[in-house]
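The structure appears below as structure tokens.
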Amino acid sequence: MSTCPDCSTPISEGDRFCEECGRNLLVRRTPVGGPDGSIAAACVCGSVSIDAEGFCERCGRAQPSGRERMEFVLPPVAGISDVGRRRQRNEDSMAFGVVADHGVVAVVCDGVASSERAEQASQAAADAAAEVLLDAAVDGRDAERATVDAVAEASVVVAQLAGGEPQEVAPSCTFVSAVITDETATIGWVGDSRAYWLAGNGSRTPSRRLTKDDTWAAQLVDDGVITEAEAKTDHRAHVLSRWLGADAGLVVPHVVTVHPEESGLFLLCSDGLWNYLQEVEDLAAVMPADVPPVAVAGALTKVALESGGHDNITVVVVPFPPRERGAGER
């Protein structure tokens, strides 16, 4: 007989919920609020008066927090979120979980830098969406419908963060999610956070990017105004055309479901990574072989940092099928 991981009450094999605390024993997930949302207890000026948003009430300095480098491993999935070299705060967030015998759920959100409290928006959206997707996975509900529901819930919680600021700078973020089982992967997105399929050697399902950016530059490419090569250097390359926030209106995500024929990796990331590694060939060239997902995430994050680290970097890696394995087993 084992015990509940939350309250240590004895549980029996086959129990779905802990009778003492109510924990769903089928689900393992990242902590709500992020893998580490702690804020420094004291400022360098000596004050211990730190407000809820992490600013010193004496000198106004933003305090370093555990969000500057978040790493979490929940076999088989792993993720890293790093503040990068140029930003003061990490406004990226991630949330993921594993449902026994039902696969993996993962969400990456990137706070819009021009909005207020962007890190709160991204974490609230990631946590809310992950909860909807995990519940749907436990119940065996349709993953595409669940993805639409997850974005709807994320949209609500982000919009609720809006306070007295003008609507156009109210908290907002991008969104990408994955629901991965032994047979399929359902990807949903709003904005320019991306998902990639990285095939193993000899796979009949070739590596490819699964998402298409919601940006003005991408729209101009679709309209034939500029080429893809021109879009990569266009000043509008990162100007979002869709996002989650109080000023975004009703948001319905793009959703695709893929059926890989062999093993490989699914990668979710923010633009802090794909700014430097845009194509699947670029990713494949720097990915280590025969290592677990956390080492893949670490290697990709390192490349982004060494390339300049101009933005926050978030990388979540899920093997397919979603079981514990090294990257070399793709």
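Each number in the numbering used here corresponds to the 1-based position in the sequence shown with 54 added.
All C-beta atoms in this analysis are idealised placements derived from N, C-alpha and C, irrespective of residue type, glycine included.
Out of the options, state which residue places its alpha-carbon closest to the alpha-carbon of residue i.
{"i": "A180", "options": "V153, V357, C323", "result": "C323"}
{"i": "T265", "options": "L298, A224, V312", "result": "V312"}
{"i": "Y250", "options": "A175, E333, I367, Q221", "result": "E333"}
{"i": "N255", "options": "E67, W243, E316", "result": "E316"}
{"i": "D268", "options": "S261, R139, A285, S257", "result": "A285"}
{"i": "A191", "options": "L80, V86, V293", "result": "L80"}
{"i": "D325", "options": "L188, A338, S147", "result": "S147"}
{"i": "T373", "options": "Q214, D288, A349", "result": "Going by the sequence as given, residue 373 is Pro instead of Thr. The candidate whose alpha carbon is nearest that of P373 is A349."}
{"i": "N78", "options": "D336, A291, S103, L188", "result": "L188"}
{"i": "S168", "options": "G138, V131, E219", "result": "E219"}
{"i": "V166", "options": "R258, C75, L294, P376", "result": "L294"}
Using the DSSP secondary-structure output, state which residues sit across from residue i in a beta bridge.
{"i": "G151", "result": "R83, V159"}
{"i": "D277", "result": "DSSP, once it has assigned bridges, lists no residue as partnering D277."}
{"i": "D105", "result": "Per DSSP, none; premise fails for D105."}
{"i": "S135", "result": "M124, T368"}
{"i": "C110", "result": "I104"}
{"i": "P64", "result": "T57"}
{"i": "T269", "result": "L294"}
{"i": "R262", "result": "W251"}
{"i": "D146", "result": "D164"}
{"i": "P376", "result": "None; P376 has no bridge partner."}
Hey, residue i and residue j: beta-carbon distance below 8 angstroms or not?
{"i": "L252", "j": "L304", "result": "no"}
{"i": "A206", "j": "A184", "result": "no"}
{"i": "L128", "j": "R70", "result": "no"}
{"i": "V233", "j": "L298", "result": "no"}
{"i": "G352", "j": "I134", "result": "yes"}
{"i": "T368", "j": "V223", "result": "no"}
{"i": "R123", "j": "N366", "result": "no"}
{"i": "A197", "j": "T240", "result": "yes"}
{"i": "V357", "j": "V340", "result": "yes"}
{"i": "T201", "j": "P307", "result": "yes"}
{"i": "S261", "j": "A338", "result": "yes"}
{"i": "R121", "j": "G88", "result": "yes"}
{"i": "L215", "j": "A182", "result": "no"}
{"i": "P346", "j": "A132", "result": "yes"}
Are there 16 or more other CB atoms within 10 angstroms of the CB of residue i, so buried, or fewer, so exposed?
{"i": "S101", "result": "exposed"}
{"i": "A381", "result": "Only weak support exists for where A381 lies, its pLDDT of 42 falling under 50; the value from the coordinates is given anyway. So A381 ends up on the buried side."}
{"i": "R171", "result": "buried"}
{"i": "G217", "result": "exposed"}
{"i": "H156", "result": "buried"}
{"i": "D193", "result": "exposed"}
{"i": "L354", "result": "buried"}
{"i": "C61", "result": "exposed"}
{"i": "G278", "result": "exposed"}
{"i": "E173", "result": "buried"}
### Query
Fully enclosed by the stretch 162-246, which alpha helix (DSSP H) runs are 4 residues long or longer?
172-193, 197-213
### Task
List in chain order: all unbroken alpha helix (DSSP H) runs of 4+ residues lying wholly within the stretch 296-364.
325-328, 334-340, 347-360
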